[in-house]
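Just so you know, the sequences run in chain order A and B. So that you can map any letter, position 291 of the first sequence is 291 in this note's numbering, and since no number is skipped, the others follow by simple counting. So that you can map any letter, position 17 of the second sequence is 17 in this note's numbering, and since no number is skipped, the others follow by simple counting.
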Amino acid sequence: MNTTTNAVAAIQGNGGEERRLILVGHPNVGKSKIFSLLTGQYVMVSNYPGTTVEVSSGKATELDYHVVDTPGIGGVVPRSEEELVPLRALLTDHVAAVLQVGDAKNMRRTLLLTMALIETGLPHVLDLNMADEAEKKGYRIDTDRLSRSLGFPVVMTVATEGKGRSELFESLRRPARSPIRITYDPRVEAAALQIADQLPDYRISKRAIALTLLSANPSLVDTLLGGQEKQSRAIKEIIARTQSDVLEPLQQLIMNARTACVERLIRECQTLGQEPGFRSRFAGFLDRVSIHPLWGIVLLFGILFVMYEFVGVFAAGTVVDFFHEVLFAKVLLPPVVQLVSHIPFVVLRDFLVGPYGQITMGITLALAIVLPTVTSFFMIFSILEDTGYLPRLQVILNRIFSFVGLNGKAVIPIVLGFGCGTMAVIVTRILETRRERIIATLILALGIPCAPQMGLILGLFAKIGFIPLVLFFVFLTGQLIAAGWLASKLFPGETTAFVTELPPYRLPHVNNIASKTFYRSYWFIREVIPWFLVGTAILFLADLTGALPELKRLLEPVVVGMLDLPAQTSEGFILGFLRREYVAAYFFDMYGKGLLDNLQAFVATMVMTLFIPCTASTFVIIKERGIGVGLAIVGFVTAYAIVAGTIINAVLRILHVTF
Amino acid sequence: MEETCKPCTAEEREEILEEIWTTLELDRITPQPGSRIRLSKLGNGQRLSPLIQGGDLRTEADHAVLTEQGYQKAKEIMRNHRLAERLLHDVLNLQSEEMERSACRYEHMLDTEAADSICILLGHPRTCPHGKCIPPGECCEAEETMLRPLVVPLTELDPGEAATVAYVGTRDNGRLSYLTSLGVVTGRPVQLVQKRPSFIVKVDENSVAFDESIAREIFVRPALRRRSRDRGEGSRWRLRWGGGR
Numbered sequence: 001m002n003t004t005t006n007a008v009a010a011i012q013g014n015g016g017e018e019r020r021l022i023l024v025g026h027p028n029v030g031k032s033k034i035f036s037l038l039t040g041q042y043v044m045v046s047n048y049p050g051t052t053v054e055v056s057s058g059k060a061t062e063l064d065y066h067v068v069d070t071p072g073i074g075g076v077v078p079r080s081e082e083e084l085v086p087l088r089a090l091l092t093d094h095v096a097a098v099l100q101v102g103d104a105k106n107m108r109r110t111l112l113l114t115m116a117l118i119e120t121g122l123p124h125v126l127d128l129n130m131a132d133e134a135e136k137k138g139y140r141i142d143t144d145r146l147s148r149s150l151g152f153p154v155v156m157t158v159a160t161e162g163k164g165r166s167e168l169f170e171s172l173r174r175p176a177r178s179p180i181r182i183t184y185d186p187r188v189e190a191a192a193l194q195i196a197d198q199l200p201d202y203r204i205s206k207r208a209i210a211l212t213l214l215s216a217n218p219s220l221v222d223t224l225l226g227g228q229e230k231q232s233r234a235i236k237e238i239i240a241r242t243q244s245d246v247l248e249p250l251q252q253l254i255m256n257a258r259t260a261c262v263e264r265l266i267r268e269c270q271t272l273g274q275e276p277g278f279r280s281r282f283a284g285f286l287d288r289v290s291i292h293p294l295w296g297i298v299l300l301f302g303i304l305f306v307m308y309e310f311v312g313v314f315a316a317g318t319v320v321d322f323f324h325e326v327l328f329a330k331v332l333l334p335p336v337v338q339l340v341s342h343i344p345f346v347v348l349r350d351f352l353v354g355p356y357g358q359i360t361m362g363i364t365l366a367l368a369i370v371l372p373t374v375t376s377f378f379m380i381f382s383i384l385e386d387t388g389y390l391p392r393l394q395v396i397l398n399r400i401f402s403f404v405g406l407n408g409k410a411v412i413p414i415v416l417g418f419g420c421g422t423m424a425v426i427v428t429r430i431l432e433t434r435r436e437r438i439i440a441t442l443i444l445a446l447g448i449p450c451a452p453q454m455g456l457i458l459g460l461f462a463k464i465g466f467i468p469l470v471l472f473f474v475f476l477t478g479q480l481i482a483a484g485w486l487a488s489k490l491f492p493g494e495t496t497a498f499v500t501e502l503p504p505y506r507l508p509h510v511n512n513i514a515s516k517t518f519y520r521s522y523w524f525i526r527e528v529i530p531w532f533l534v535g536t537a538i539l540f541l542a543d544l545t546g547a548l549p550e551l552k553r554l555l556e557p558v559v560v561g562m563l564d565l566p567a568q569t570s571e572g573f574i575l576g577f578l579r580r581e582y583v584a585a586y587f588f589d590m591y592g593k594g595l596l597d598n599l600q601a602f603v604a605t606m607v608m609t610l611f612i613p614c615t616a617s618t619f620v621i622i623k624e625r626g627i628g629v630g631l632a633i634v635g636f637v638t639a640y641a642i643v644a645g646t647i648i649n650a651v652l653r654i655l656h657v658t659f
Numbered sequence: 001m002e003e004t005c006k007p008c009t010a011e012e013r014e015e016i017l018e019e020i021w022t023t024l025e026l027d028r029i030t031p032q033p034g035s036r037i038r039l040s041k042l043g044n045g046q047r048l049s050p051l052i053q054g055g056d057l058r059t060e061a062d063h064a065v066l067t068e069q070g071y072q073k074a075k076e077i078m079r080n081h082r083l084a085e086r087l088l089h090d091v092l093n094l095q096s097e098e099m100e101r102s103a104c105r106y107e108h109m110l111d112t113e114a115a116d117s118i119c120i121l122l123g124h125p126r127t128c129p130h131g132k133c134i135p136p137g138e139c140c141e142a143e144e145t146m147l148r149p150l151v152v153p154l155t156e157l158d159p160g161e162a163a164t165v166a167y168v169g170t171r172d173n174g175r176l177s178y179l180t181s182l183g184v185v186t187g188r189p190v191q192l193v194q195k196r197p198s199f200i201v202k203v204d205e206n207s208v209a210f211d212e213s214i215a216r217e218i219f220v221r222p223a224l225r226r227r228s229r230d231r232g233e234g235s236r237w238r239l240r241w242g243g244g245r
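Here it is in structure tokens:
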């Protein structure tokens, strides 16, 4: 989407009059929520940094703006692909105004970024969001005074409740350039002038770009001036020369000047009030428990157990049984079958309601089995996202992740993989090095079951037993760690150090949870039904033409010989190339019909989990990682799944473990 | 070489206390409240009267007795003197005569906090350059490890301990700017929450989590440690298990 917006900007740049409003700010301050407020579009929002990795844009209602939402900025220097997005947007887009969204209880941080942004010379508006939290903490902010000092509108909002909406809209009608001009150390000023001479024309002040380059690692020069060899060498030389005159990093000199200005503003405009109340005391307690080396793990297992009970036992058990056995089998399907039986063609009848029928198999599996499981999983997942638990999980899992060459930051894409692998692969952009992105992608492709799969696994094991489930995840985790460890040796390189902020715990809003669960399930089902129909059609055709028995015979040595599974499971694996949850649903159904015993179900589920990801995620892997690495990952994963399944099956049989 | 100073009018009383302390030490008596010394050893008895009136000394027959208050004053002056000697000798490399002259001036100028800072800087030395005992201060008593420099990497703090950021010693500009943005900046007070499984630090309203490798790059001045009972303030909910290392 990033490229599309740039393309649009290029077209509009030629005389077109589109006024772009760019949303920028630190991670997790509510930019996306403000975006929703301005455009009326639904955007996924959560309580952890890194929810937004791509640019989304939309027309503002009531205002003459095209609004662009960007991923959060950590510091003024971008550390990953995703953090480059806002900088690129400012450089190349046709920006009419900048709306900085900041955390009202974190004024130092917010204003420090403001100081960097006003250097661009663009019209500005500052929105101090989460005003309710600031108020609870006892901060009082004099926005009028701040607005006078900064020279542009400053408003306070509580975006989740829509408070301050009209003030925000009003202020966006009159954005202004700040008259503040910070004077830096003379050596920095001189260098900035020299660099500005070397820069091509951009839409924003060259001084702003020069200061950013002086603050950053030299590699940023190449990133921004890719292709312009001569200028980029000259600029790097200026930076190196200036740095050699100064003891501390140049960035420090720049920050010192900005900090001085920020401190003055804070003294003028902010007062600190009373003690935090009881609720934040409780949040503080929860905070300490969830990042504690022992209790943190206990809490994690507690959460997993609740998930098992709710998703596996309740949703995939009770609810699915009701949908499948009662609602579909007794209420919905009989009249449909009755209706179809009037069609004179046998083939068409079978196509719709036969053993591989579109309705009796495709739609039924999707709606009766997958939908309830996925919805319940997304619900728990959304609650976890909104409370702010995920960043704490990074803290708990950092050590384990460092063992496979990743750091705690990779927890976010991996955990998202339990929702949807496709999305998760995109989110690996938040990782800082290519090496980390490859390892994370491999782990995602190899063995992170996505929501529907996970739900069905939980559902299946709710019937087999709790101990096999634990064993299953121990096996799976062991393999992921081993594979990740090998990959980290295969791609040597340093593991980047882990640093992240922990947002406060928040009570999730029921509305947000409901809409997130709804949208996720809705998108999911909309995407999944065509695949289920196509998959069923393929099986139907294969059966009709007699290719299916052939294919089964072809796979028999592997499926029956090596894995000791009934020949019919190969149908499932064939479907696996389309959608993973289809296989899961298929096995779930087979188990229900008594076609798989407990051990077979265990092995089949393991192979399926390790098996290649669905078509959509394979495409995304190839798109994000490149065709070479992408295909290597897919090939490895497929071969590995069969080998691992065979070994596990053999070992369990030798040990006479049948569950 | 000897460490008595010529009495200069304003500090005369402190000089006498100092004299009493060193005399006791010469007699191999560890000075403490109630320590007795023969009046004859102190020369002119007349000059003791301001001390007796001030409650630092009392007389019993032909002995002078150090009161609690007098003991505390004497202890502090000795500590200042000998710490000053150590500073001048070890750090500024002054030779004995010069060192002595300056130490005599410093002992009256230093307040408790300044003396503690020097003490921490020098790693809580126990003896002066002459080999005599330096009375330990609060900073030494609160300290389990007797040697801790003034500026330490964050890894040296205990969970729950507060400090001020001295500097961030990273050469990675991306990391520096991120830490700056989170408020981990020179002069800002921070509190270490825990070290395991990751380091967690509170700055303003932010909680920041990071690896040990980053913790080693952040240098801090620890706030003066109080005795351990004062330390875990407000920690009713604190879970004690395994927080430190």
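Yeah, the Cβ is synthetic: ideal placement off N, Cα and C, and Gly gets one too.
With fewer than 16 other CB atoms across the displayed protein chains lying within 10 angstroms of its CB, residue 230 of chain A is exposed. If you compare the alpha carbons of A/65, A/353, A/500, A/72 with that of residue 333 of chain A, the shortest gap goes to A/353. Going by DSSP, residue 50 of chain B is part of the alpha helix (DSSP H) stretching over 49-54. Looking only at A/435, A/523, A/168, A/179, the smallest Cα-Cα distance to residue 375 of chain A is reached by A/523.
Under the 8 Å criterion on CB atoms, residue 158 of chain B is classed as non-interfacial with respect to chain A. Residues 20, 22, 122, 203 of the same chain have their beta carbon placed closer than 7 Å to that of residue 95 of chain A, with the five preceding and five following residues left out of the count.
At least one CB atom of chain A sits nearer than 8 Å to the CB of residue 173 of chain B.
Taking C-alpha positions only, residue 628 of chain A is separated from residue 622 of chain A by approximately 8 Å. Chain A has no Cβ within less than 8 Å of the Cβ of residue 56 of chain B. In the DSSP assignment, residue 99 of chain B falls within the unbroken alpha helix (DSSP H) covering 96-109. At a beta-carbon threshold of 7 Å, the residues of chain B lying near residue 255 of chain A are 180, ordered along the chain. Burial check for residue 546 of chain A: the Cβ neighbour count within 10 Å stays below 16, so the residue is exposed. 8 Å or more divides the Cβ of residue 607 of chain A from the Cβ of residue 635 of chain A.
The C-alpha of residue 212 of chain A is placed about 13 Å away from the C-alpha of residue 90 of chain A. Of all residues in the segment 207-220 of chain B, only 207, 208, 209, 210, 211, 212, 213, 214, 217 come within less than 9 Å of chain A when Cβ atoms are compared, listed by chain position. In this structure residue 197 of chain B is not in contact with residue 613 of chain A, their Cβ atoms being roughly 30 Å apart against a cut-off of 8 Å. Scanning its chain for C-beta atoms nearer than 6 Å, with the 5 sequence neighbours on each side dropped, one finds around residue 208 of chain B the residues 182, 201, in chain order. According to the DSSP assignment, residue 376 of chain A belongs to the alpha helix (DSSP H) that extends over 371-387. Distance check between residue 604 of chain A and each of A/624, A/573, A/441 places A/573 closest, using alpha-carbon atoms only. Under DSSP, residue 113 of chain B takes part in no beta bridge, so it has no partner.
Taking 8 Å as the upper bound for CB-CB distance, residue 393 of chain A and residue 439 of chain A are not in contact here, some 18 Å apart. For residue 189 of chain B, the closest Cβ of chain A is not nearer than 8 Å. Taking a C-beta cut-off of 7 Å against chain B, the contacting residues of the segment 476-510 of chain A are 497, 498, 499, 500, 501, 502, listed in chain order.
Residue environment for residue 56 of chain A: buried (at least 16 other C-beta atoms within 10 angstroms of its C-beta). Boundaries cannot be given for residue 331 of chain A, as no beta strand (DSSP E) includes it and DSSP labels it neither H nor E. Residues of the segment 109-132 of chain A with a C-beta atom less than 9 Å from some C-beta of chain B are 109, 112, 113, listed in chain order. Taking a beta-carbon distance threshold of 8 Å, residue 105 of chain A counts as an interface residue toward chain B.
Pairing residue 153 of chain A with residue 174 of chain A gives a Cβ-Cβ distance under 8 Å.
Under the DSSP assignment, residue 65 of chain B falls in the beta strand (DSSP E) whose first and last residues are 63-66. Residue 294 of chain A sits in coil when the DSSP states are folded into three classes, being neither helix nor strand.
At least one C-beta of chain A is nearer than 8 Å to the C-beta of residue 197 of chain B. Residue state for residue 345 of chain A is assigned as coil, using DSSP reduced to three classes. Every beta strand (DSSP E) of 3 residues or more that sits fully in the segment 220-281 of chain A is shown, in chain order, as 270-272. A direct Cα-Cα distance of roughly 52 Å separates residue 156 of chain B from residue 370 of chain A.
Within the segment 55-82 of chain A, the residues whose Cβ lies closer than 9 Å to any Cβ of chain B are, in chain order, 73, 74, 75, 76, 77, 78, 79, 80.
Taken through DSSP and simplified to helix, strand or coil, residue 338 of chain A comes out as helix.
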